[in-house]
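K.L.:
Here the sequence shown is numbered in this note's numbering, starting from 624 and rising by one per residue. Note that beta-carbon positions come from the ideal geometry of N, C-alpha and C, so glycine has one too.
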Amino acid sequence: MNFDERIDRSQYPTMKWSRAFLAGHFGNEAAIPMSVADMDLKAPTAVIEQLQKRVGHGIFGYEVKPESYFTALESWYQQRHGWKIARRHIEPCPSILNAIAILINQHSNEGDGVILQPPVFFEFRMVVKSNARKIVKNPLKLVAGRYQMDFADLEVKAADPHNKILILCNPHNPVGRVWTETELAQVAAICERHHLFVITDEIHGDFAFPPHRHIPYLTVSESAAQNAAACISPAKTFNIAGMVDAITIIPNETHRRRFREFAHRYQINKINVFASVATEAAYQEGAAWLDALLVYLQGNVDLIRGFLQANASDVSLIEPEGTFLVWLDFQELGLDAKALEKFLAREARIALSPGYWFGREGAGFARMTIGCPRQTVLRALDNLAAAIKRLPS
Ligand SMILES: Cc1ncc(COP(=O)(O)O)c(C=O)c1O
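#1: I need the straight-line Cα distance from Lys764 to Gln701, nearest angstrom please.
#2: Kindly identify the DSSP beta-bridge partner or partners of Gly736.
#3: Within the region 772–816, note down every full beta strand (DSSP E) run reaching 3 residues or more, in order along the chain.
#4: Confirm the yes/no value for this check: CB of Cys792, any heavy atom of ligand 1, distance under 7 Å.
#5: Based on the DSSP secondary-structure assignment, which residues constitute the bridge partners of Thr992?
#6: Over the uninterrupted alpha helix (DSSP H) stretch that includes Lys961, give me the two end residues.
#7: Who are the near neighbours of Ala971 in its chain, counting only those whose CB is closer than 6 Å to its CB and skipping five residues on each side?
#8: Whole angstroms is fine: what's the gap from Ala864's alpha carbon to Ser1016's?
#9: Closer than 7 Å: is that where the CB of Asn786 sits relative to any heavy atom of ligand 1?
#10: Do you know how far the Cα of Gly982 is from the Cα of Leu819?
#11: Out of Ile838, Asn754, Asp824, point me to the one whose CA is closest to Asp735's CA.
#12: Could you spell out the range, first to last residue, of the beta strand (DSSP E) harbouring Ala852?
#13: Count the other C-beta atoms from every protein chain shown that fall within 10 angstroms of the C-beta of Ile671, then say buried if there are 16 or more, exposed otherwise.
#14: When you compare only the Cα positions, how much space is there between Tyr906 and Leu917?
#15: Taking 7 Å as the cut-off, does the CB of Glu746 come closer than this to any heavy atom belonging to ligand 1?
#16: Roughly how many angstroms lie between the CA atoms of Arg880 and Leu841, to the nearest whole one?
#17: For ligand 1, is there a heavy atom less than 7 Å away from the beta-carbon of His827?
#18: Given the structure, does Asn796 come close to ligand 1, in the sense that its CB is under 7 Å from one of the ligand's heavy atoms?
#19: Just to check, is the beta-carbon of Asp937 closer than 7 Å to a non-hydrogen atom of ligand 1?
#20: Consider the Cβ of Ser936: report whether some Cβ of chain B lies at a distance smaller than 8 Å.
#21: Residues in the same chain with beta-carbon distance under 7 Å from Phe644, minus the five sequence neighbours each way, listed in chain order, please.
#22: Looking at ligand 1, does it come within less than 7 Å of Asp824, judged from the CB to the closest heavy atom?
#23: Can you name the start and end residues of the beta strand (DSSP E) that Thr999 belongs to?
#24: For the pair the region 699–718 and the region 866–878, tell me if three or more CB-CB distances fall below 8 Å.
#25: Can you tell which of Phe988, Cys792, Ala781 has its C-alpha closest to the C-alpha of Phe747?
#26: Counting beta carbon pairs with one atom in the region 686–703 and one in the region 845–852, are three or more of them shorter than 8 Å?
#27: In chain order, what residues of the same chain have a beta carbon less than 6 Å from the beta carbon of Trp802, not counting five sequence neighbours either side?
#28: Hey, out of Ala695, Ser939, Ile788, Arg836, whose CA is closest to Thr823's CA?
#29: If you draw a straight line from the C-alpha of Glu804 to the C-alpha of Ile708, how long is it?
#30: What separation, rounded to the nearest whole angstrom, lies between the Cα atoms of Arg888 and Lys688?
#31: Determine the extent of the alpha helix (DSSP H) in which Leu720 is found, giving its start and end residues.
#32: If Ala695 sits next to Glu903, beta carbons under 8 Å apart, how far is it from one beta carbon to the other, in whole angstroms?
#33: Where are the alpha helix (DSSP H) runs, 4 residues long or more, that stay fully inside the region 885–924, in chain order?
#34: Between Ile855 and ligand 1, is the CB less than 7 Å from at least one heavy atom?
#35: Could you have a look at Tyr700 and say whether DSSP puts it in helix, strand or coil?
#36: Using a 10 Å radius around the Cβ and a threshold of 16 neighbouring Cβ atoms, would you call Lys676 buried or exposed?
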C-alpha cells in the first residue's frame, strides 16, 4: 500500500474529479477536488484481487450474500469495536441513504419533525425534505474549539410530540467528533424519555484516531438498542463507495420486520455480486490496510495543523478525532459565506465543501477531504496560503 501514489481518476466519471461538477459547483474546473467524501487512494489489494477473480468467472447472474459475507462482517465489528452483532438483527440495504429513507418512513408520518444536529452531512437534510418531514435543528455548540452536543436543547426538541426521530452522525461528518460513551448515553436517556427513534449513521465508525474510540450507539444500552437502527457500511472505510453496499442493524424484532416489509414493498432486495465480494474481502483482509491508512490520515492532519500555524494563522483547524474530513474555520478572514466560497474556489483554487452546505451553522467554515496523497494536501495548503497573502488587509 502506497498512499503517496497519485492516481489519475479523470478517465472515469467520478463526481469529485469531473470537470462539470467542479465547474458547476465551484465555478472552476481546475480547482483541486477535495469536496466529495471519497478517497483518491486504491482500495486494499485483497479487494482488488477478489474482484478480479470474480470477474474472471465470467457469469454474473442472480446471487445471494454468502454465509462468509456475514461472518466477515461480524468478526470485523467484534474485533475492531467489541460489538457482537446478532445475525438476526442484520438487514442488508444498498446504501446508507436508502436505509435512512426507509427508516424515516417507517418511524414518522409526513409533516412530523426529524431532529438533525448541524453542521451535519447535507444529505440528511435532503432525505428528510424529500420525504416531506420537517427538519428540526439541535445545533452543535463550538466550545473552546471543540464541538459539543446541546443536550438541554435536545431535551426540549425531543419533548415536542411532533418530533419523532433523531438522526445521529456517529462519528460526526463534518466536524470530526467521535462521540464518547457518556455523550451517547445522554442522547439515549433523552430519546428514551421522549420516545424518539434514533437512526445512527456510523459510516465513519472505522475512522477514530487514538485515543478516541468509536462507540457503536447500539452498544450503549439494551433499551437504546431497542429504540434505534444503526446504518453501517464498508464504503468509506475501504474507499469502495461506488460498489454500493450497506448494512442496517435493527435489534427490535417488530421494527426489523417492518423494515423488511418496506424494503420488499419497494423491491429493494437485489444484491450486486461485486459489492458482496468487495465487502467480504475488505472485512476479511483489510485490517492492516486500514491501520496504515489511519496513521497516514493523522500525518495529513499533522501537516495541516503545522502548515496553518506557520503560514496561514487566520485559518484554524478544528481538531478531528476521526473521519477523513477536516473542518476548517475561516471566520478570521472576515468574508461572508458566498465570498468565502468564491475565494476558496477561484483564488485559492481548491474545491472544499462550503460550510453552509451543512446548515447555516457552518457558515465561515469549509470541509476538506484529506483521503488523498500528502502531496495533494500540500498543494492545496500552498494555494491557500498564497491566496490569503493576496487578500487586501
Ligand atoms: C455521514 C454519511 N452518511 C452517508 C453517506 C452516504 O452513504 P451511502 O453512499 O451509503 O448512501 C455519507 C457520504 O458521504 C456520509 O458522510
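P.N.:
Once the coordinates are examined:
#1: For the purposes of this step, residue 764 is identified with residue 141 of the sequence shown, where counting begins at 1. For the purposes of this step, residue 701 is identified with residue 78 of the sequence shown, where counting begins at 1. Rounded to the nearest angstrom, the two C-alpha atoms are 33 Å apart.
#2: What you label residue 736 is simply residue 113 of the sequence shown in a count that begins at 1. Gly736 pairs with Lys757, Asn786.
#3: 786–792
#4: Looking up residue 792 in the sequence shown gives position 169. Cys792: yes, Cβ under 7 Å from ligand 1.
#5: The count along the sequence shown starts at 1 and reaches residue 992 at position 369. Thr992 is bridged to Leu948.
#6: Within the sequence shown, residue 961 is the residue found at index 338, counting from 1. 960–965 is the extent of the alpha helix (DSSP H) around Lys961.
#7: As a working mapping, residue 971 is identified with position 348 in the sequence shown. Around Ala971: Asn1006, Leu1007, Ala1010.
#8: Within the sequence shown, the letter at position 241 stands for residue 864. Within the sequence shown, the letter at position 393 stands for residue 1016. Whole-angstrom Cα-Cα distance: 42 Å.
#9: Counting from one through the sequence shown, the residue named residue 786 turns up at place 163. No, Cβ of Asn786 sits at least 7 Å from all heavy atoms of ligand 1.
#10: By one-based count along the sequence shown, residue 819 stands at place 196. By one-based count along the sequence shown, residue 982 stands at place 359. Roughly 22 Å separates the two Cα atoms.
#11: Position 112 of the sequence shown holds residue 735. It is Asn754.
#12: Locating residue 852 in the sequence shown gives position 229, counting from the first residue. Unbroken beta strand (DSSP E) run through Ala852: 851–855.
#13: For the purposes of this step, residue 671 is taken as residue 48 along the sequence shown, with counting starting at 1. Exposed is the call here.
#14: Your numbering for residue 906 matches position 283 in the sequence shown. Your numbering for residue 917 matches position 294 in the sequence shown. Answer to the nearest angstrom: the Cα atoms are 16 Å apart.
#15: Residue mapping note: residue 746 aligns to position 123 of the sequence shown, counting from 1. Yes; taking the cut-off as 7 Å, the Cβ of Glu746 has a heavy atom of ligand 1 nearer than that.
#16: The sequence position of residue 880 within the sequence shown is 257, counting from 1. The sequence position of residue 841 within the sequence shown is 218, counting from 1. Using only the alpha carbons, I get a separation of about 18 Å.
#17: Indexing the sequence shown from 1 puts residue 827 at position 204. Answer for His827: yes, Cβ within range of ligand 1.
#18: Counting from 1 along the sequence shown, the entry for residue 796 is found at position 173. Asn796 Cβ: within cutoff of ligand 1.
#19: As a working mapping, residue 937 is identified with position 314 in the sequence shown. Checking every heavy atom of ligand 1 against the Cβ of Asp937, none is found closer than 7 Å.
#20: This model lacks chain B altogether, as it is built from one protein chain only.
#21: Mapped onto the sequence shown, residue 644 falls at position 21. Only Met638 meet the Cβ criterion.
#22: If you number the sequence shown from 1, residue 824 lands on position 201. The answer is yes for Asp824.
#23: For the purposes of this step, residue 999 is identified with residue 376 of the sequence shown, where counting begins at 1. Counting along the chain, Thr999 falls outside any beta strand (DSSP E), though it belongs to the alpha helix (DSSP H) covering 997–1013.
#24: yes
#25: Start at 1 with the first residue of the sequence shown, and residue 747 comes out as number 124. It is Cys792.
#26: no
#27: Stepping through the sequence shown from its first residue, residue 802 is reached at position 179. Cβ within range, chain order: Asn793.
#28: Counting from 1 along the sequence shown, the entry for residue 823 is found at position 200. Among Ala695, Ser939, Ile788, Arg836, the Cα nearest to that of Thr823 is on Ile788.
#29: By one-based count along the sequence shown, residue 804 stands at place 181. By one-based count along the sequence shown, residue 708 stands at place 85. So the two alpha carbons sit approximately 18 Å from each other.
#30: Position 265 of the sequence shown holds residue 888. Position 65 of the sequence shown holds residue 688. Answer to the nearest angstrom: the Cα atoms are 20 Å apart.
#31: Here residue 720 refers to the residue found at position 97 of the sequence shown. Per DSSP, Leu720 belongs to the alpha helix (DSSP H) from 719–730.
#32: In the sequence shown, residue 695 corresponds to position 72, counting from 1. In the sequence shown, residue 903 corresponds to position 280, counting from 1. Going by Cβ atoms, the distance from Ala695 to Glu903 rounds to 5 Å, so yes, they are a contact pair.
#33: 896–908
#34: Locating residue 855 in the sequence shown gives position 232, counting from the first residue. For ligand 1, no non-hydrogen atom lies closer than 7 Å to the CB of Ile855.
#35: Here residue 700 corresponds to residue number 77 of the sequence shown, with the count starting at 1. Residue state, collapsed to three classes: helix.
#36: By 1-based counting over the sequence shown, the position of residue 676 is 53. Exposed, since its Cβ has fewer than 16 Cβ neighbours within 10 Å.
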